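Chains as they are written, first to last, in our numbering: chain A, 2 to 115; chain B, 83 to 198.
Using N, Cα and C, we set each Cβ at its ideal position, and we do this for glycine too.
Owing to the predicted nature of the structure, the values given are computational and were not obtained by experimental measurement.
Worksheet for the structure shown next.
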Amino acid sequence: DVKVTQSSRYLVKRTGEKVFLECVQDMDHENMFWYRQDPGLGLRLIYFSYDVKMKEKGDIPEGYSVSREKKERFSLILESASTNQTSMYLCASASTDRFNQPQHFGDGTRLSIL
Amino acid sequence: AQKITQTQPGMFVQEKEAVTLDCTYDTSDQSYGLFWYKQPSSGEMIFLIYQGSYDEQNATEGRYSLNFQKARKSANLVISASQLGDSAMYFCAMRDGAGGYNKLIFGAGTRLAVHP
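Shown next as structure tokens:
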């Protein structure tokens, strides 16, 4: 089974802090994704990566950056956390082999910025 | 622009009854895929079922089936014989055919409550 592991289930940080959210997958997937989930808005794509060191902006990249130094690891960085970044963050990975392959998700990180 | 619409913010159903969760989509692509995910209160996203735009038959996976009406651009999820454990958020998502990265666009979700 595919395993996507997010480093924290719950995280509390202060305004202005630099925050790192880590995600690791064990299925050698090329593609990895970071979403944020807010009530009534569904999941919105922040950034995705299709290869090591390669990244593309999603729909809401402002205030975030990402890093993919190894194929299995994809990190989301909040350079200077703000209260409007309080949200649920979900990491996912997917293969490009077949069109019908679903994205596989981690358990999510509930991030609170005080 | 591609879009997924789930018009039901919340639904409830009696245990053992069937329920339909609505999903409409908008795309100009001919090749696309539709996914449904379940998210229990614990937060993880669980893949349920997939329907490709060229699939001639409606997808089924156990108690889950997809009522796919291509001309109406709808892909409604049908859950038969509801169980208490089906209480969760349900998301409809679409993969577009143009992108090669398996990107998905999600709807806002429907919260389903199953009553005993």
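Given this structure, state the Cα-to-Cα distance separating residue i from residue j, to the nearest angstrom.
| i | j | result |
| --- | --- | --- |
| A95 of chain A | R15 of chain A | 32 Å |
| G41 of chain A | E138 of chain B | 32 Å |
| G144 of chain B | L130 of chain B | 10 Å |
| S1 of chain A | F100 of chain A | Here chain A comprises residues numbered 2 to 115, so residue 1 of chain A is not present and cannot be evaluated. |
| V196 of chain B | A163 of chain B | 11 Å |
| T87 of chain A | R193 of chain B | 21 Å |
| P122 of chain B | S169 of chain B | 7 Å |
| I128 of chain B | K19 of chain A | 30 Å |
| A153 of chain B | G43 of chain A | 25 Å |
| L125 of chain A | L22 of chain A | Any answer about residue 125 of chain A is impossible in this case: the structure gives chain A only from 2 up to 115. |
| T109 of chain B | T102 of chain B | 22 Å |
| S66 of chain A | Q96 of chain B | 45 Å |
| L116 of chain B | G134 of chain B | 6 Å |
Cβ closer than 7 Å: which chain B residues qualify as neighbours of residue i?
| i | result |
| --- | --- |
| N116 of chain A | Because residue 116 of chain A is not part of the residues shown, which for chain A are 2 to 115, the question remains open. |
| F49 of chain A | Y183, K185 |
| Q104 of chain A | N184, L186 |
Where does residue i land, buried or exposed, given buried means 16+ other C-beta within 10 angstroms?
| i | result |
| --- | --- |
| G17 of chain A | exposed |
| Q151 of chain B | exposed |
| S83 of chain B | Contrary to the premise, residue 83 of chain B reads as Ala rather than Ser in this sequence. Classification for A83 of chain B: exposed. |
| K199 of chain A | In this structure chain A extends from 2 to 115, so residue 199 of chain A is not present and cannot be described. |
| K85 of chain B | exposed |
| T89 of chain B | exposed |
Identify the continuous beta strand (DSSP E) that holds residue i and give its terminal residues.
| i | result |
| --- | --- |
| E70 of chain A | 65-71 |
| H197 of chain B | 192-197 |
| T6 of chain A | 5-7 |
So residue i contacts chain B; which residues on that side make the cut at Cβ distance below 8 Å?
| i | result |
| --- | --- |
| L42 of chain A | A190 |
| D108 of chain A | S124, G125, E126 |
What residues from chain B crowd round residue i, counting only those whose CB sits closer than 9 Å?
| i | result |
| --- | --- |
| L46 of chain A | K185, L186, I187, F188 |
Against residue i, what residues of chain A qualify as contacts under a CB-to-CB distance less than 9 Å, listed in chain order?
| i | result |
| --- | --- |
| Y172 of chain B | Here the premise fails: no neighbours, minimum Cβ distance about 11 Å. |
| G134 of chain B | F100, N101 |
Could you name the residues of the region 90-102 of chain A whose beta carbon sits closer than 8 Å to any beta carbon of chain B, in the order they occur along the chain?
The region 90-102 of chain A vs chain B, Cβ under 8 Å: L91, A93, A95, S96, T97, F100, N101, Q102.
Report the residues of the region 16-27 of chain A with a CB closer than 9 Å to any CB of chain B, ordered along the chain.
none
Against chain A, which members of the region 138-167 of chain B pass a CB distance test of less than 8 Å?
Cβ contacts with chain A: none found.
Name the residues in the region 95-121 of chain B whose C-beta lies less than 7 Å from a C-beta of chain A; which are they?
G115, F117
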